[in-house]
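Encoded as structure tokens, the structure appears first; notes follow it.
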Amino acid sequence: MPRSRHKNYPFYRAVEASPASCAVTPLTFDGMTEKDLQGKSALVTGASRGIGKAIAAEFLARGANVLITARKPEPLADAAADLKALGHVGKVLTLAGNSGDAAARSEAAELAVSELGSLDILINNTGINPVYGFLMDADLDGVRKIFDVNVVAALGYLQEAYRVWMKEHGGAVVNLASVAGLRSSGVIGAYGASKAALIRLTEELAWQLGPNIRVNAVAPAVVKTKFATALYAEGEEKAAAPYPMKRLGTPEDVASLVGFLVSDAAAWITGETVRVDGGLLATGGL
Ligand SMILES: NC(=O)c1ccc[n+]([C@@H]2O[C@H](COP(=O)([O-])OP(=O)(O)OC[C@H]3O[C@@H](n4cnc5c(N)ncnc54)[C@H](OP(=O)(O)O)[C@@H]3O)[C@@H](O)[C@H]2O)c1
């Protein structure tokens, strides 16, 4: 299979270069796409648009079933229709609910197992950022809400996934952190602190849940989604100027990394936070 046909799949190169004795699961191919997640089921939270939706599309393209969540039922149903229209064999299920709600988390995990047959992959993608600016003026209820949705809910979802599936069968988890969890911003401080907590939580969980459950995080810089529009309100070109890659991220940039992290090609990676930031932090800036 010529390498050029797989330019969006960096793990393919790693497998291709592996010695024959390497214990990496062989990938199977169906036309242009590796079906390395075939038979697996993934819960992707906050996936009616943006990065979560792109992750769901990536998983479907690689053969998985997906259960996507969000608060608003109609955009969620629209997202499911878009994902089904991609024409992959995997099932697409939806469950409307707030990630901050324990009952919604429990229901999602149970639905994945009862309707999709398993819960091998959990993507804690939901993230909110309602508090901006000087922290001395920050509304503490807003700060509490950020930590509840961005950190506590991620742990809560994993507790549910562990209870219904992963404790017995293992799994792979990816938490959506942010470069704001690695560097101070001066503007989105409460959000950044919550993402820093999520990064530390990722390490603790990796330690406690190995070897059968891997837990990693990704840390994007600005990705063009509804969530981030205020960050490039003065124009994409201006916003992208500090980035070595001279562009902002796309949801697909993040989705391909997440796809790698849940795959067998990342079998020895856990507790890691991988930046997907167009090189921004390499410049020392945020
Ligand atoms: N975009 C960026 O530049 C960027 C950079 C770094 C990190 N991130 C992280 O990446 C993740 C995804 O961000 P995004 O840019 O794709 O956001 P987005 O485009 O705003 O999408 C957010 C998704 O989450 C859902 N959602 C929001 N709050 C929810 C809640 N409390 N419970 C359940 N679902 C909820 C939204 O649907 P409903 O509104 O219907 O609930 C939507 O489907 C977040 O964790 C974010 O912090 C984003």
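Going letter by letter, the sequence shown gives residues 210 to 495 in this note's numbering.
Ideal Cβ positions, reconstructed from N, Cα and C, are used throughout, including at glycine.
In this text the structure is predicted, and so the values were computed from the model without any measurement.
| Check | Outcome |
| --- | --- |
| Any non-hydrogen atom of ligand 1 within 7 Å of Arg484 CB | no |
| Coil, strand or helix - Ser250 by DSSP | strand |
| Thr479 in three-state terms, based on DSSP | coil |
| Chain-order list of residues whose beta-carbon lies under 6 Å from that of Phe356 (same chain, five-residue window excluded) | Ser403 |
| Short Cβ contact (8 Å threshold) for Asp329 with Ala251 | yes |
| Residues near Ala370 by beta carbon distance below 6 Å, same chain, minus five either side | Ala318, Leu328 and Leu331 |
| For Leu489, the nearest candidate out of Ala386, Glu461, Ala448 and Val471 (CA to CA) | Ala448 |
| From Arg484, Leu269, Gly306 and Ser393, residue whose alpha carbon lies closest to that of Thr254 | Gly306 |
| Contact set for Val431: own chain, Cβ-Cβ below 7 Å, skip 5 residues either direction | Ala437, Leu440, Tyr441, Ala448, Leu457 and Gly458 |
| Delimiting residues of the beta strand (DSSP E) encompassing Pro429 | Ile422 to Pro429 |
| Nearest-angstrom beta carbon gap, Ala288 and Ile277 [assumed within contact, 8 Å] | 6 Å |
| Meets three-Cβ-pair contact criterion under 8 Å: the stretch 264-283 and the stretch 309-323 | yes |
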